[in-house]
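When the count follows full-length UniProt numbering, it moves up by one through the sequence shown with no breaks and lands on 297 for the last residue. Every residue, glycine too, gets a C-beta built ideally from N, C-alpha and C. No experiment lies behind these values; they were computed from the predicted model shown. Report on the following structure.
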Amino acid sequence: MPMIEVRDLSKAYGERKAVDGVSFTVDEGEIFGILGPNGAGKTTTVECVAGLRTPDAGRVRVGGLDPVADHDRVTRLLGVQLQQSELQAKLTVREAMELYASFHERPADRRALAARLGLDAHLDVRFARLSGGQKQRLFIALALIGDPRAVVLDELTTGLDPRARRDTWDLVESLRADGVTVLLVTHVMEEAQRLCDRIAVIDRGRVTALDTPAGIIGRAATARVVSFAADSPLEAAELAALPGAADVTTREGRTVVTGTDATVDAFVSLLARRAVTVRGLRVTDATLDDAYLDLTT
Ligand SMILES: Nc1ncnc2c1ncn2[C@@H]1O[C@H](COP(=O)(O)OP(=O)(O)OP(=O)(O)O)[C@@H](O)[C@H]1O
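Printed below as a string of structure tokens:
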């Protein structure tokens, strides 16, 4: 049985269909990413998973339970960190953690959790006085305080500085090592590529791709990137005409051709045929970022 099951989920706000037939499953211990443009329906989807919204149609299960009908039991299984959460301004970090721990029968070790999230030096600071990144870390701590079997993390690292971002990624990896299932909404491609076992790309309320990060990169039109110094004798038009070439641009003094293996082969033949050389030639795999831009509108 999958830990999280979403089948044919639809949810509209008035006339607007925010989620339009989304399906995916997340296995126990898996880190599953949801990517997609602003307004694609990602938050609405995870709010339905968390039982915070009632679907118009479709089926959602967490640990085999209906998150709306079995809300209390699902709350014990599933920790949730959502965007734009708020707490009472006067509550300190310690008080917030105690309060949330009191909702659970077997809460996590608060001190260890605070230390893991770099909050131990801020335990007596009131919520209103925390920086954006500290608030974000507190919400991650609150999502994990019930020692959940699964956790929803929506834009986990937004607002975090680079070090806190890396630490948070390490934390998510340690959750996987503990067998916790993670449903992660993100706009950060590096985060998705590093952390996720599988990814669903959602666009306009529908799943447009569902695969491993490597599978998504491979499936996109631009699987390879050829780049070299822009002072070459090659014309942009002849590069654009190479088989599989998706894009030719010049940036930071380099010509960049995105395409496929066929593009790379044809490029090498072109150099030989024209008997020209280029400086600083590099052939790299496309990143998830490149693939994502191919797959969304
Ligand atoms: N409470 C609401 N009332 C009305 N419309 C809403 C509400 N919440 C979301 N929407 C609309 O539903 C659509 C999907 O929103 P949602 O927040 O699920 O998208 P998202 O993919 O999470 O976007 P983002 O990346 O910007 O967070 C958007 O068009 C949004 O304007």
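A Cβ closer than 5 Å to some heavy atom of ligand 1 marks a residue here, and those residues are TYR13, ALA18, ASN38, GLY39, ALA40, GLY41, LYS42, THR43 and THR44.
If you ignore the 5 residues before and after ALA89, its C-beta comes within less than 8 Å of the C-beta of ARG126, PHE127 and ALA128, all in its own chain and listed in chain order. Burial check for ALA241: the Cβ neighbour count within 10 Å stays below 16, so the residue is exposed. Runs of the beta strand (DSSP E) lying entirely within the stretch 198-269 and spanning at least 3 residues, in chain order: 198-203, 206-211, 224-229, 247-251 and 254-259.
DSSP, read as helix, strand or coil, puts ALA89 in coil. C-alpha of ARG204 to C-alpha of GLY36: approximately 9 Å in a straight line. A distance below 8 Å between beta-carbons, with the five flanking residues on each side excluded, links PHE228 to the following residues of its chain, in chain order: ARG254, THR255, VAL278, ARG279, GLY280, LEU281 and ARG282. DSSP, reduced to helix, strand and coil, places ASP20 within a strand of the structure shown. The beta carbon of GLU98 is closer than 8 Å to those of ARG110 in its chain, skipping five residues each way along the sequence.
In terms of CA proximity to GLY64, LEU77 leads the group ARG53, LEU77, ALA57 and THR54.
Just so you know, the alpha carbons of ASP197 and SER232 end up roughly 40 Å apart.
Boundaries for GLU15: no beta strand (DSSP E) harbours it, and the DSSP string shows neither H nor E there.
8 Å or more divides the Cβ of ASP66 from the Cβ of ALA12. Counting the other Cβ atoms within 10 Å of the Cβ of ALA177 gives fewer than 16, which makes it exposed.
By the neighbour-count criterion, in which a residue is buried when 16 or more other Cβ atoms sit within 10 angstroms of its Cβ, MET1 is exposed. Three or more beta-carbon pairs drawn from the stretch 79-95 and the stretch 135-143 are found closer than 8 Å, and the two stretches are therefore classed as touching.
In the three-state DSSP reduction, PHE32 falls in the strand class (E or B). Fully enclosed beta strand (DSSP E) runs of no fewer than 3 residues occupy 31-35 and 57-62 of the stretch 29-78, in order along the chain. Burial of ALA192 is indicated by the presence of at least 16 other C-beta atoms within 10 angstroms of its C-beta.
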